[in-house]
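Worksheet: one structure, shown below.
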Amino acid sequence: MPNTPPGVANPLPTDGRPVLSVSELNREVKHLLEGSVPLLWISGEISNFAAPSSGHWYFTLKDARAQVRCAMFRGRNRSVRFQPGNGREVLARARVSLYEGRGEFQLIIEHLEEAGFGALMRQLEMLKAKLQAEGLFELERKKPLPYLPATIGIITSPTGAAVRDMIQVLGRRYPAAKIELIPVAVQGQGAAQQIANAIALAGRLQRHDLLIVGRGGGSLEDLWSFNEEIVARALAACPIPTISAVGHETDTTIADLVADVRAPTPSAAAEIASANAAALSEEVDGARWRLTRAMELQLRHLRQQVQLVSNRIRHPKEQLQNRAQRLDHLEMRLQTAVRSRTLANTQRLAQVERALNHVHPRQRIALAQTQLSQLAQRLKKSIDSTLQHKRELVTHAGQLLNSVSPLAVLDRGYAIVQDEQKQVIRRAQDVISGQKIHARLSEGEITAVVE
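Number 68 in my numbering belongs to position 57 of the sequence shown; there are no gaps in the numbering.
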């Protein structure tokens with residue numbers, strides 16, 4: 012039989028049947044798979060993950076009973092928003108294929124996401140569309156915030172950093188406000204129901220001028236309570252103006268979209284809710300100046316009227332004196348009232364200044380300097396101790412090295428015998444008569460001839 016070139020089918024073997032080469036078979040199967048199985052979604056656990064220098068990813072998807080090889084090429088895996096690895100549960104969109112070189116069935120991955128994350132995002136988008144269609148996100152339904160809320164309710168976890176940040180900011184910027192914490196769970200089973208119940212209760216009691224609803228940052232799953240429909244509807248139905256402060260600036264929840272005002276962080280929510288002490292002080296100063304100016308103008312007008320009457324009515328003098336005395340009395344009462352009002356405004360300003368001085372950064376700077384000095388002393392002690400330990404280790408290592416040194420053996424009367432090529436001679440039969448040898452002693456070397 013004539014030889015057939017590699018990769019080419021023998022058109023007519025001895026029995027008359029056509030024969031395919033292995034590469035042709037694999038190519039046909041690949042075309043059959045790719046043409047008959049549509050793009051599909053598959054979930055599983057990653058194993059045998061590999062990312063060679065080419066930028067492509069190769070791994071196996073498995074469940075409890077089976078596994079399948081997968082490949083995701085560089086152009087596709089650049090859009091993956093997480094770092095895959097062994098043991099990660101994922102959801103993939105893939106097409107069925109065959110690797111011709113080894114005849115292995117495999118999946119070509121087009122899209123990859125963490126299992127559960129994509130489902131949550133789809134659920135979130137569906138709820139957003141539903142609530143937006145009902146008009147819950149419209150600006151026309153949002154209530155304006157009060158300028159100076161006397162009582163501020165905070166609906167959040169009582170143990171998180173968010174509540175401490177909000178209370179600290181409110182105490183610094185607006186100490187006159189009364190702050191009431193309404194504690195709830197902000198994540199986990201039943202958290203959304205607690206948040207919705209707290210909002211509804213505050214709306215019924217009407218004890219607060221403003222509500223802040225929020226928590227600190229976290230993953231999508233951690234913030235999910237604020238994406239629940241019951242929380243969104245409770246915010247929409249609340250008669251009290253609300254500020255949503257969930258997570259960090261980049262986090263946006265459905266609660267943020269429904270609330271009257273969205274704050275990027277809990278601290279920012281406290282700043283929005285609080286009045287600026289400097290602005291209040293300027294407002295008090297302006298009101299005091301306007302009041303004093305009005306009083307002066309009124310006094311001037313009264314004096315002009317008295318002068319006019321005095322010029323027109325010369326008699327009787329006693330009546331004129333009585334009116335002048337009454338005017339003086341009114342002037343003194345007016346001055347007393349002005350001083351009293353000015354004193355009250357001054358005292359109020361002093362209270363604001365004391366509140367500001369209470370949170371002055373000077374005390375924090377002094378504390379920080381003390382802590383820095385203590386840390387510097389601890390660092391110096393640590394460095395000294397480390398250096399001393401290293402010196403002891405070096406000394407011990409030198410002693411140990413000296414104890415095993417061959418030179419120490421030479422000091423005890425031994426010698427190292429070598430041939431002319433400096434090879435160590437260990438046995439007498441390794442030399443011959445007349446051969447020149449060298450002996451290295453503890454001090455110096457000697458050359459000898461074997462007899």
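Every residue, glycine too, gets a C-beta built ideally from N, C-alpha and C.
This one's a predicted model, so the numbers in the text were calculated from it and none came from an experiment.
The residue from L291, M177 and K433 with its alpha-carbon nearest to that of I283 is M177.
Taking the Cβ atoms as the reference, G225 lies roughly 6 Å from A173, within the contact range of under 8 Å.
Where Q380 is concerned, the enclosing alpha helix (DSSP H) starts and stops at P372 to S414.
Counting along the chain, S47 sits inside the alpha helix (DSSP H) bounded by residues V33 to S47.
Between I119 and F84, the C-beta spacing is below 9 Å.
The region 90-100 makes contact with the region 51-59: 3 or more CB pairs, one atom from each, lie closer than 8 Å. Judged by pairs of C-beta atoms under 8 Å, the region 407-414 does not touch the region 439-455, as fewer than three such pairs exist. Residues of the same chain with a CB within less than 7 Å of the CB of K153, apart from the 5 flanking positions on each side, are D271 in chain order. Bounds of the beta strand (DSSP E) holding P194 are K189 to P194. Within the DSSP bridge table, the entry for E115 names Y110 as partners. Annotation for S278: D176 and V180 place their beta carbon closer than 6 Å to its own, counting only its chain and skipping 5 residues before and after.
Restricted to the region 44-98, the beta strand (DSSP E) segments that are unbroken, complete and at least 3 residues in length are 51-61, 68-73 and 78-83, listed in chain order. Assignment of beta-bridge partners to V428 by DSSP yields A450.
Assigned with DSSP and collapsed to three states, R314 falls in helix. Burial check for E239: the Cβ neighbour count within 10 Å reaches 16 or more, so the residue is buried. Counting C-beta pairs closer than 8 Å gives three or more between the region 217-232 and the region 152-172, which meets the contact rule. Relative to A188, the option among L246, R38 and P160 whose CA is nearest is P160. Around the beta carbon of W235, 16 or more other beta carbons lie within 10 angstroms, which makes this residue buried. For the pair T397 and R104, the Cα-to-Cα distance works out to about 56 Å. Excluding residues up to 5 positions away in sequence, I163, I165, I178 and L181 lie with their Cβ nearer than 7 Å to the Cβ of I190 in the same chain. A straight-line Cα-Cα distance of about 18 Å links S321 and Q309.
With 16 or more other CB atoms across the displayed protein chains lying within 10 angstroms of its CB, S285 is buried. Note: I254 is bridge-paired with I223 and V272 in the DSSP secondary-structure output. By alpha-carbon distance to A62, the top candidate from C81, K73 and L50 is C81. Our two residues, Q315 and L338, have alpha carbons roughly 12 Å apart in a direct line. Contact check between the region 244-257 and the region 129-139: fewer than three CB pairs, one atom from each, fall below 8 Å, which does not count as touching.
With contact defined as three or more Cβ pairs closer than 8 Å, the region 445-461 and the region 422-434 are in contact. Leaving aside the five residues that flank I241 on each side, the residues in its chain whose CB is nearer than 7 Å to its CB run, in chain order, A203, Q204 and A207. For the pair R352 and R299, the CB atoms are nearer than the 9 Å cut-off. For I210, the uninterrupted alpha helix (DSSP H) segment begins and ends at A202 to L216. Taking a contact as a CB-CB distance under 8 Å, the pair A280 and I254 counts as one, their CB atoms being some 5 Å apart.
Rounded to the nearest whole angstrom, the C-alpha separation of A366 and R183 is 7 Å.
Short of 8 Å from the beta carbon of P417, and not among the five residues preceding or following it, lie these beta carbons of its own chain, in chain order: I427. For A459, the enclosing beta strand (DSSP E) starts and ends at E456 to V460. The beta carbons of V91 and L123 sit about 5 Å from each other, so the pair counts as a contact at 8 Å. In terms of Cα proximity to E431, the closest of V461, L404, V415 and D422 is V461.
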